[in-house]
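Take a look at the structure below.
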Amino acid sequence: MTCTRLLLIVFTVWLTQPVAQALDLPAWLRLPKLPQSSSKEPVKLPSKSVRVGDFTGGTGTSARRSLLAELTDSREFTLTDSGADFLVTGSSTGGRVMAKLERADGKVLFERTYAAPGLDENLRALSDDIIFSATGKPGQATSRIVFVSNKSGTKQVYVCDSHGRDVQQVTHHTHGAVSPTLSPDGSAIAYTSYRSGFPVVQVLDLGLGWERTVTDTPGSSFGAAFAPDGQRLALVMSFIGNPEIFVTDLASNTAACISDTVGAPSSPSWHPDGKQIIFADDRGQGPRLYIAEVPATNNAEARLYLWRTGYSFCTDPEFSPDGKQVAFVARQSDGAAIVVKDYPSGKSSVVQTGGAQHPSWSPNGRYLCYTQHGALYVHDLHTGLRNAILGGYSTISEPRWMR
Amino acid sequence: MTFLKSLSLAALVALSACSTLPQEDADVVFALGPRDGFTSPLNGALKPVCPALEFTGTRYALTGAHQKTLLGVAEAWKEGKPRYLIAGYAPPELPEDFARSLSERRAQAVRQHLIENGIEAAQLQTVGFGHDSPPSSPTSSVVVIYRQ
């Protein structure tokens, strides 16, 4: 009893010691040191600055305001009032926009007129032109995201802009249409149609409105992806008695098999050099990622190899626009997760867990769009913040951003 | 001498075993013929010829139970020689494109086995719906053989 009391007194005395002394604990009692810096890098400000000068004309004031909003939203520039690297001036009358972009040294980079029916449409085009001229990277104000929704009762293809606005239903097929992809210039959509009751790949020209069937082969055909040149499609066809990845030339209507598998290949995606294709293939151990080289000529040799990711059950890979990273879906304990890994080798990071599916890169490589629990998200890879850009469309699946 | 005898006997046994090695024919993959005239289950109610073949996980190899069912299908085919459409389906939790490929692969595995059991390749077509349209069976990870 006395011993317990003595211990209690010692403990109370130790507790009432000043903090400075309390830090002199024996080594075995010390807490592990916390890392000095957080693993997240601070967000850098854009290096280039732009000044939006006066816009004359009837709709000049609103044009200037909208352009400022677009440029702020792009996060490519710092907007200043003096000492900027670039200067934008112009005029706007009745929705038409005339604009001039100058460098700080006075060199005029472009002077253009935008005469589309809507003021907002013109300013998005202008904003993308400014970003492209100043940074060399494509803007995404005019880019489109294509996706599948079963809002109408069957799966149909829809298209929206990068903010989830301006949603349009593209297909109205009785048995549905799935697996869409946009051509690099955004003028055409390739998708799998169940119009005849069997899966067939079709290409729809959004500008002219015509539609044509690319593959009406027996078996299934799906998973089309436009090549960077927009003239070829990579897709899965099974008429040879096994599903394989084919590259088909849209001009000559010929197809060549580039995979050599006895498994279940899916989701081909092109490297921006147009010479490699990454796809998921299940050869009996769950889907893993493979790289196939596209032979330049008929008799050229091409390699096909497994790309080790360190994750299991990898599907839906897509190369980043610069070809230095691959985003894909891997299976983890709490469901599907989106992983971004350096290509051909390097570090990998999990971007989103908890059932996120089907990642697709923005044209500038800064954002990823994906679906999670039926909603469409855009994820900023620089800040780690994400936005649900589209909900209320029943279950959204298979989003793909214009490349 | 006894050693030589036993050696020659062993060699004989080994050589005779050669003739029973698996034939290369088993690896032949039969390309699909034209699809003209085949009806999709999406366009009308088709009658399944046997209970739906259920698969587990992401497997596409046929089990003993599948092979037993398919043997019965191949026997029944010989009367009348009808055309069959083999349709694969996959559960909704799989990624969309992978589900289409896996369901097609399963349908092709069933087709291959039916051909090996005597059904003419031209009478068989496959299709993989993934989880774009639900099957008529209560479970979704199945292959259904429809009579045309």
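Chains A and B supply the protein sequences, listed in that same order.
Just so it is clear: in the first sequence, position 261 is 261 by this note's numbering, and no numbers are missing.
Just so it is clear: in the second sequence, position 28 is 431 by this note's numbering, and no numbers are missing.
Each residue gets a CB set at the ideal place from its N, CA and C atoms; glycine is no exception.
Where the alpha helix (DSSP H) through residue i begins and ends
i	result
ILE130/A	119 to 135
VAL50/A	Where VAL50/A is concerned, there is no enclosing alpha helix (DSSP H), although the beta strand (DSSP E) it sits in stretches over 48 to 56.
THR72/A	60 to 74
GLN470/B	467 to 480
Range of the contiguous beta strand (DSSP E) that encloses residue i
i	result
GLN430/A	For chain A, the structure presents residues 1 to 403; residue 430/A sits outside this window and is missing.
SER92/A	86 to 93
PHE501/B	Premise fails: PHE501/B lies in the alpha helix (DSSP H), 499 to 519, not in any beta strand (DSSP E).
THR213/A	211 to 215
PRO199/A	Segment: none, PRO199/A is in no beta strand (DSSP E) and carries neither H nor E.
VAL236/A	232 to 237
ASP81/A	Premise fails: ASP81/A is in no beta strand (DSSP E) and is neither H nor E.
LEU109/A	108 to 114
LEU101/A	96 to 103
VAL452/B	Careful: VAL452/B lies outside any beta strand (DSSP E) and carries neither H nor E.
GLN556/B	A query on residue 556/B cannot be resolved here, the shown segment of chain B reaching from 404 to 551 and no further.
GLU398/A	396 to 401
GLY335/A	335 to 342
ILE245/A	244 to 249
CYS257/A	254 to 257
GLY223/A	221 to 226
ILE489/B	487 to 491
ARG348/B	With chain B running from 404 to 551 in the structure shown, residue 348/B is simply not present.
Exposure of residue i, with buried meaning 16 or more beta-carbon neighbours within 10 Å
i	result
SER333/A	exposed
ASP342/A	exposed
VAL108/A	exposed
LYS484/B	exposed
GLY354/A	exposed
LYS155/A	buried
GLN169/A	exposed
GLN528/B	buried
ASP129/A	buried
ALA336/A	buried
LEU385/A	exposed
ASP535/B	buried
SER312/A	exposed
TYR158/A	buried
PHE226/A	buried
PRO265/A	buried
ALA420/B	In this prediction, ALA420/B has a pLDDT of 47, which is less than 50 and means its spatial position is unreliable; what the coordinates show is noted afterwards. Answer is exposed; the Cβ neighbour count stays below 16.
TYR305/A	exposed
ARG400/A	buried
GLU111/A	exposed
ASP439/B	exposed
THR405/A	Since the first residue shown for chain A is 1 and the last is 403, residue 405/A is missing from the structure and cannot be characterised.
GLU70/A	buried
GLU478/B	exposed
GLN36/A	Reliability fails at GLN36/A, whose pLDDT of 48 lies under 50, so the model's placement of it is uncertain and the value that follows must be treated cautiously. Classification for GLN36/A: exposed.
TRP480/B	buried
Neighbour list for residue i in chain E, Cβ cutoff strictly below 7 Å
i	result
ARG438/B	Given the protein chain composition of this structure (A and B), no chain E is represented.
Q.
So within the region 347 to 393 of chain A, which uninterrupted beta strand (DSSP E) runs reach at least 3 residues, ignoring any that extend past its ends?
A. 348 to 352, 356 to 361, 367 to 372, 375 to 380, 386 to 390, all fully within the region 347 to 393 of chain A.
At what residue ranges does the region 145 to 191 of chain A contain a whole run of the beta strand (DSSP E), taking only runs of 3 or more? 156 to 161, 177 to 182, all fully within the region 145 to 191 of chain A.
Legend entry - Cβ-based contacts, 8 Å cut-off: residues of the region 444 to 455 of chain B near chain A: Here the close residues are PRO444, LEU445, ASN446.
Could you say if the region 118 to 130 of chain A and the region 88 to 105 of chain A meet the contact criterion of at least three C-beta pairs nearer than 8 Å?
They touch, by the three-pair rule.
_Interface residues of the region 496 to 509 of chain B facing chain A [CB-CB below 7 Å]_ = Only those residues of the region 496 to 509 of chain B whose C-beta falls short of 7 Å from the nearest C-beta of chain A are listed: PRO498, GLU499, ASP500, PHE501, ARG503, SER504, LEU505, GLU507, ARG508.
Practice item. Could you run through the region 464 to 475 of chain B and flag, in chain order, every residue whose CB is less than 8 Å away from some CB of chain A? Key: The residues in question are ALA464.
* To do: For the region 363 to 375 of chain A and the region 132 to 148 of chain A, state whether three or more C-beta atom pairs, one from each stretch, are separated by less than 8 Å.
  => With three or more CB-CB distances shorter than 8 Å, the region 363 to 375 of chain A counts as touching the region 132 to 148 of chain A.
| said: Closer than 8 Å is the cut-off here; do at least three beta carbon pairs connect the region 498 to 508 of chain B with the region 214 to 234 of chain A? | reply: Judged by Cβ distances under 8 Å, the region 498 to 508 of chain B makes contact with the region 214 to 234 of chain A, as three or more pairs qualify.
Exercise. Can you give me, in chain order, the residues of the region 272 to 289 of chain A that have a beta carbon less than 7 Å from any beta carbon in chain B?
Key: Listed in sequence order: ALA280, ASP282, GLY286, PRO287.
Q) Taking one C-beta from the region 502 to 519 of chain B and one from the region 270 to 277 of chain A each time, how about it: are there three or more such pairs within less than 8 Å? A) In short, these stretches do not touch, since the Cβ pair count stays below three.
Sequence ranges, beta strand (DSSP E) only - wholly within the region 282 to 308 of chain A, length at least 3 = Qualifying beta strand (DSSP E) stretches, in chain order: 287 to 293, 304 to 307.
Practice problem: With 7 Å as the C-beta to C-beta threshold (strictly closer), list the residues of the region 296 to 327 of chain A near chain B in chain order. | Solution: Only those residues of the region 296 to 327 of chain A whose C-beta falls short of 7 Å from the nearest C-beta of chain B are listed: THR315, ASP316.
When you check each C-beta in the region 525 to 543 of chain B against every C-beta of chain A, which residues fall closer than 9 Å?
Flagged, chain order: GLN528, THR529, VAL530, GLY531, PHE532, GLY533, ASP535, SER536.
Legend entry - Residues in the region 152 to 169 of chain A having any Cβ partner in chain B nearer than 7 Å: Correct list: LYS155.
Checklist entry - If we count Cβ pairs, one from each stretch, closer than 8 Å, do we get three or more for the region 240 to 257 of chain A versus the region 440 to 457 of chain B? => result The region 240 to 257 of chain A and the region 440 to 457 of chain B do not touch, with fewer than 3 CB-CB distances between them shorter than 8 Å.
- Query: Counting pairs of Cβ atoms below 8 Å between the region 56 to 64 of chain A and the region 83 to 92 of chain A, do you hit three or more?
  - Reply: Contact between the region 56 to 64 of chain A and the region 83 to 92 of chain A is present, because at least three Cβ pairs lie under 8 Å.
Original post:
Going along the region 234 to 252 of chain A in order, which residues come within less than 7 Å of chain B, judged by CB to CB distance?
Top reply: Residues of the region 234 to 252 of chain A that bring their beta carbon within less than 7 Å of a beta carbon in chain B comprise VAL236, SER238, PHE239, ILE240, GLY241, ASN242, PRO243, in sequence order.
Problem set entry | Contacting positions in the region 354 to 380 of chain A - beta carbon closer than 9 Å to chain B | Cβ contacts with chain B: GLN357, HIS358.
Q.
What are the residues in the region 169 to 184 of chain A lying within 9 Å of chain B by C-beta distance?
A. From the region 169 to 184 of chain A, only THR174, HIS175, GLY176, VAL178, SER179 have a Cβ closer than 9 Å to chain B.
*Taking only beta carbons into account, state which residues of the region 477 to 490 of chain B come closer than 9 Å to chain A, listed in chain order.*
Those would be none; no residue qualifies.
message: Please list, in chain order, the residues of the region 83 to 112 of chain A that have any C-beta partner in chain B closer than 9 Å.
response: The residues in question: there are none.
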